[in-house]
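In what follows, a single structure is set out as structure tokens and then discussed.
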Amino acid sequence: MNWYEKLNQYFPVEEMKSKEHMELLLKEKGHMYHKDEGEHHVLMYAEFDQFIFIDYLFVSKASRGQGLGHKLLEKLKRKGKPIILEVEPVDYEDTDTEKRLKFYKREGFDHASSIGYSRRSLATNEVNQMEILYWSPNNQDEAAIFEGMKQMYEQVHTYKDKELYGESYETVDKVLSFDEEDNGDNNILSKL
Numbered sequence: 001m002n003w004y005e006k007l008n009q010y011f012p013v014e015e016m017k018s019k020e021h022m023e024l025l026l027k028e029k030g031h032m033y034h035k036d037e038g039e040h041h042v043l044m045y046a047e048f049d050q051f052i053f054i055d056y057l058f059v060s061k062a063s064r065g066q067g068l069g070h071k072l073l074e075k076l077k078r079k080g081k082p083i084i085l086e087v088e089p090v091d092y093e094d095t096d097t098e099k100r101l102k103f104y105k106r107e108g109f110d111h112a113s114s115i116g117y118s119r120r121s122l123a124t125n126e127v128n129q130m131e132i133l134y135w136s137p138n139n140q141d142e143a144a145i146f147e148g149m150k151q152m153y154e155q156v157h158t159y160k161d162k163e164l165y166g167e168s169y170e171t172v173d174k175v176l177s178f179d180e181e182d183n184g185d186n187n188i189l190s191k192l
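Spelled out as structure tokens, the structure:
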């Protein structure tokens with residue numbers, strides 16, 4: 001099974017980029033968009049000057065619990081930049097969502113509860129709510145994480161979207177919001 005098939009079998013259709021989209025990012029933005037793959041994992045990430053964005057992290061069921069996900073994150077952490085990623089909210093009918101959140105909590109990630117993220121899928125036309133998690137070696141505040149998310153959305157998620165999908169994703173201002181009054185009460189990791 002190739003790297004795209006592994007991702008496509010694991011991630012919901014509404015979260016997946018097309019293979020053409022990812023190949024175009026690797027080809028045309030190879031200086032910042034990267035693929036790290038092995039027999040039991042696929043890691044797709046974008047490295048910016050100020051942060052790293054994990055687009056997809058897949059570890060096969062056969063190798064879960066053996067420290068592979070930890071090793072992949074440690075490799076990125078050694079770069080000394082904040083790491084940002086998107087996760088689905090906890091769905092108690094899908095135990096993988098809770099396990100995934102517990103994994104990131106163990107790895108030292110925080111929930112950017114002040115950032116709202118709601119994106120319409122071009123594949124399903126459904127609006128998806130996602131949560132933003134981040135790890136920071138130097139205590140970045142959520143405002144900086146928000147700025148990173150905006151930059152990533154415009155340079156990765158919507159890259160050549162009209163050309164690739166026949167229509168454009170919503171603008172960053174419709175998709176991402178920042179609540180300066182957030183007091184952390186909605187921190188999904190604190191409830192685990």
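Residue numbers (our numbering): 1 to 192. C-beta atoms are modelled at their ideal positions from N, C-alpha and C, and glycine is treated no differently. This one's a predicted model, so the numbers in the text were calculated from it and none came from an experiment.
Item, Value
"Three-state secondary structure assigned by DSSP to K99", "helix"
"Own chain, CB closer than 7 Å to V175, minus 5 neighbours either side, in chain order", "Y117, S118, R119, Y153"
"E86 in three-state terms, based on DSSP", "strand"
"Residue closest to F103, alpha-carbon to alpha-carbon, out of T124, V127, V59", "V59"
"Of the listed residues E39, K35, Q66, nearest to I54 (C-alpha basis)", "K35"
"Simplified DSSP assignment, three categories, for K35", "strand"
"Sequence-distant residues of its chain with Cβ nearer than 7 Å to H157 (five each side left out)", "Y169"
"Distance, R78 Cα to S121 Cα", "33 Å"
"C-beta atoms of P82 and A143 nearer than 9 Å", "no"
"Cβ-based burial, G148 [other Cβ within 10 Å; buried from 16]", "buried"
"Which of helix, strand or coil DSSP assigns to I188", "coil"
"Distance CB(L25)-CB(L72) smaller than 9 Å", "no"
"Residue range of the unbroken beta strand (DSSP E) whose run includes Y197", "Nothing can be reported for residue 197, as the shown portion of the chain is limited to 1 through 192."
"Any chain B beta carbon closer than 9 Å to E47", "Of the chains in the structure shown, none is chain B; there is only one protein chain."
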